[in-house]
Every structure is written in C-alpha cells, then in structure tokens.
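For the sequence shown, the working numbering begins at -14 and goes up steadily by one.
Note that CB positions come from ideal geometry on N, CA and C, so glycine has one too.
Bear in mind that the values here come from a model prediction, so they are computed numbers and not experimental data.
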Amino acid sequence: MSTEQDRLIELQTQMQEWQAELDRLEAWPATRIEQKERIEALREKLHAAAEQLSAWLDGERPEIS
-14 MSTEQDRLIE LQTQMQEWQA ELDRLEAWPA TRIEQKERIE ALREKLHAAA
36 EQLSAWLDGE RPEIS
C-alpha cells in the first residue's frame, strides 16, 4: 500500500473517531452545553478533514497534518 493510501485510511479513521465522539457529546442536552467548545472543535476538524478527503478524491495531493 502506498503512503498516500495509508494517509487516506488514517484520515478516514480519524474522521470516524471524531464523528463518534461528536455523536456521543451531542446525545444529551446537558453534555452539549458543558462540552460546547469541544463539540465546535470536532465540527471544525471534521469539516477540514472532509475538505482534505474531497481534494484527495479529486486527484490532489493530500495535506494531512
């Protein structure tokens, strides 16, 4: 497997982990209030990762940090 494929798999795995955490935090209203900053950070990470994934699928070189 190439390094780019490894990085793509790593990005997809990280996105799944972030989404699972976001779903868990958003499940209860009290948690949403207490964890508002973490929820926003996870949303931003997921958005940035989705843009990277889209660029990679469009044939651009991924810039995974």
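Own chain partners of residue i with C-beta closer than 6 Å, once the 5 adjacent residues on each side are dropped
i   : result
L7  : L27
I24 : L10
Beta-carbon proximity check, residue i vs residue j, cutoff 7 Å
i  : j   : result
W3 : K30 : yes
Q1 : L10 : no
Residue i (DSSP reduced to helix, strand or coil)
i   : result
Q20 : coil
A40 : helix
W13 : coil
Buried/exposed call for residue i, threshold 16 Cβ in 10 Å
i   : result
A37 : The amino acid at residue 37 is misidentified as Ala; the sequence shows Gln. Per the 10 Å Cβ criterion, buried.
Sequence-distant residues of the same chain with beta carbon closer than 8 Å to residue i, five excluded per side
i   : result
A34 : L(-4), Q(-1), M0 and W3
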